[in-house]
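A.B. asks: Handing you this structure, nothing more for now.
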Amino acid sequence: SQQGEEDPQALSIQEGENATMNCSYKTSINNLQWYRQNSGRGLVHLILIRSNEREKHSGRLRVTLDTSKKSSSLLITASRAADTASYFCATYQIFSNDYKLSFGAGTTVTVRA
Amino acid sequence: DAGVTQSPTHLIKTRGQQVTLRCSPKSGHDTVSWYQQALGQGPQFIFQYYEEEERQRGNFPDRFSGHQFPNYSSELNVNALLLGDSALYLCASSLGGFGETQYFGPGTRLLVL
Numbered sequence: 044s045q046q047g048e049e050d051p052q053a054l055s056i057q058e059g060e061n062a063t064m065n066c067s068y069k070t071s072i073n074n075l076q077w078y079r080q081n082s083g084r085g086l087v088h089l090i091l092i093r094s095n096e097r098e099k100h101s102g103r104l105r106v107t108l109d110t111s112k113k114s115s116s117l118l119i120t121a122s123r124a125a126d127t128a129s130y131f132c133a134t135y136q137i138f139s140n141d142y143k144l145s146f147g148a149g150t151t152v153t154v155r156a
Numbered sequence: 097d098a099g100v101t102q103s104p105t106h107l108i109k110t111r112g113q114q115v116t117l118r119c120s121p122k123s124g125h126d127t128v129s130w131y132q133q134a135l136g137q138g139p140q141f142i143f144q145y146y147e148e149e150e151r152q153r154g155n156f157p158d159r160f161s162g163h164q165f166p167n168y169s170s171e172l173n174v175n176a177l178l179l180g181d182s183a184l185y186l187c188a189s190s191l192g193g194f195g196e197t198q199y200f201g202p203g204t205r206l207l208v209l
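Structure below.
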C-alpha cells in the first residue's frame with residue numbers, strides 16, 4: 044500500500060485562484076517532498092520539508108507539515124495555466140542502510156483560463 | 097548540464113517478450129532508481145542501484161531485473177511480459193545512495209499487447 048495519500052484526487056480552478064491539496068501518511072518520516080508531473084512525463088521536484096520543519100515557501104508554493112497529524116499540504120497561489128499538472132507527495136524514510144521514497148496517487152490540478 | 101535521459105521514449109511489445117530500458121543519470125550522480133507508474137497512479141519503486149549493485153528492491157517479481165554500469169548508467173530488464181506491465185517506467189538519479197532529492201527522466205512508455 045502507498046505511504047502517502049493525496050486529497051482531493053482532482054481539482055479544477057480558475058486562473059489566479061489558489062489551489063490547495065493535502066497529503067496524509069501512515070508512519071514516521073525524515074522528510075516529505077512534493078513533485079509535479081506534466082502530461083504523464085517525468086516528475087519535477089518542487090519542494091522538500093523536513094520532519095522538524097512546519098512550513099516552507101518556494102516562489103508561489105507553500106508547504107506545511109504537521110507530524111502529529113501525519114499530514115502535509117501544498118498551496119499554489121495565484122495559479123496559472125502552466126500549473127496544470129498532477130502533483131504527488133512522497134515520504135522519505137531512512138533506515139539503517141537504506142532509504143525509502145514512497146509516492147501517493149497524486150492530485151490532478153486543472154487551471155482554467 | 098545534462099539531465100536524466102531515458103531510451104526509448106515509447107515501446108510496444110507482445111506478451112511473453114522481453115524488454116530492456118535504458119537510463120543515463122544526471123551528470124555527477126551515482127545512484128539510479130527505477131519506478132513503474134501505471135495510468136492514474138503514483139510511481140511505484142522497483143529497485144535502486146548504487147555502486148553497480150542492487151541496494152534495495154520494491155515489491156516486484158524477479159522478472160524485473162537491472163544492471164548498473166561503471167559509468168553509472170543503468171538498464172531495466174523485464175522478462176515474460178504481461179499485459180499488466182504496461183506503464184510508464186521512470187528512472188531517477190541521485191547522489192550517494194541516500195540522495196534525498198531525486199531527478200527524474202522523461203520516462204519510457206511501455207505498451208504490452
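Protein chains in written order, with the working numbering: chain A, 44 to 156; chain B, 97 to 209.
Beta carbons are placed, not taken as given, at the ideal position from N, Cα and C, and that holds for glycine.
Predicted model, so just to flag it, every value in this text is computed and none were measured.
#1: Can you round the beta-carbon distance between residue 101 of chain B and residue 123 of chain B to whole angstroms, since I take them to be within the 8 Å contact cut?
#2: Please tell me whether residue 102 of chain A has its Cβ less than 8 Å away from any Cβ of chain B.
#3: Assign residue 74 of chain A to buried or exposed, taking buried as 16 or more other Cβ atoms, counted over all protein chains shown, within 10 Å of its Cβ.
#4: Indicate the three-state DSSP secondary structure (helix, strand or coil) for residue 53 of chain A in the structure shown.
#5: Can residue 75 of chain B and residue 206 of chain B be called in contact, C-beta distance under 8 Å?
#6: In chain order, what residues of the stretch 50 to 84 of chain A put their CB closer than 7 Å to some CB of chain B?
#7: By the DSSP assignment, the beta strand (DSSP E) with residue 134 of chain A in it spans what residues?
#8: Got a sec: is the Cβ-Cβ distance from residue 198 of chain B to anything in chain A below 8 Å?
#9: Measure the C-alpha to C-alpha separation of residue 44 of chain A and residue 148 of chain A and round it to an integer number of angstroms.
#10: Have a look at A:130, A:139, A:92, A:145 and flag the residue whose alpha-carbon is nearest the alpha-carbon of residue 81 of chain A.
#11: Taking contact to mean at least 3 C-beta pairs separated by less than 8 Å, is the stretch 152 to 169 of chain B in contact with the stretch 50 to 69 of chain A?
#12: Spatial neighbours of residue 209 of chain B within its chain, please: C-beta separation below 6 Å, excluding the five flanking residues on both sides.
#13: Taking residue 203 of chain B as the query, report the chain A residues whose CB atoms sit under 7 Å from its CB, ordered along the chain.
#14: Between B:105, B:127, B:140, which lies nearest to residue 47 of chain A when the distance is taken from Cα to Cα?
#15: Any idea what DSSP makes of residue 109 of chain A, helix, strand or coil?
#16: Can you tell me whether residue 191 of chain B is helix, strand or coil according to DSSP?
#17: Can you find the residues in the same chain that come closer than 8 Å, C-beta to C-beta, to residue 50 of chain A, ignoring five residues on each side of it along the sequence?
#18: Quick one: which residues of the stretch 154 to 169 of chain B get their C-beta closer than 8 Å to a C-beta of chain A? List them in chain order.
#19: Going by the CB atoms, is the gap between residue 87 of chain A and residue 79 of chain A shorter than 8 Å?
#20: Give the residues of chain B in contact with residue 91 of chain A, contact being defined as C-beta atoms less than 8 Å apart.
#21: Within a Cβ cutoff of 7 Å, which residues of the same chain sit near residue 104 of chain B, ignoring the five residues on either side of it in sequence?
#22: Specify the secondary structure class of residue 121 of chain A as computed by DSSP and reduced to three states.
#23: Residue 144 of chain A versus chain B: which residues are under 8 Å apart at the beta carbon?
#24: What is the rounded straight-line gap between the Cα of residue 202 of chain B and the Cα of residue 188 of chain B?
C.D. replies: The answer reads as follows:
#1: Not quite, the Cβ-Cβ distance comes to about 11 Å (not below 8 Å), so this is no contact.
#2: no
#3: buried
#4: strand
#5: Since the first residue shown for chain B is 97 and the last is 209, residue 75 of chain B is missing from the structure and cannot be characterised.
#6: 74, 83, 84
#7: 128 to 137
#8: yes
#9: Below a pLDDT of 50, predicted positions are generally treated as unreliable, and residue 44 of chain A, at 44, falls in that range; the measurement from the model is reported next regardless. In a straight line, the C-alpha of residue 44 of chain A is about 11 Å away from that of residue 148 of chain A.
#10: A:130
#11: no
#12: 110
#13: 84, 85
#14: B:140
#15: strand
#16: coil
#17: 64, 65, 66, 67, 150
#18: none
#19: yes
#20: 196, 197
#21: 204
#22: coil
#23: 129, 141, 198
#24: 9 Å
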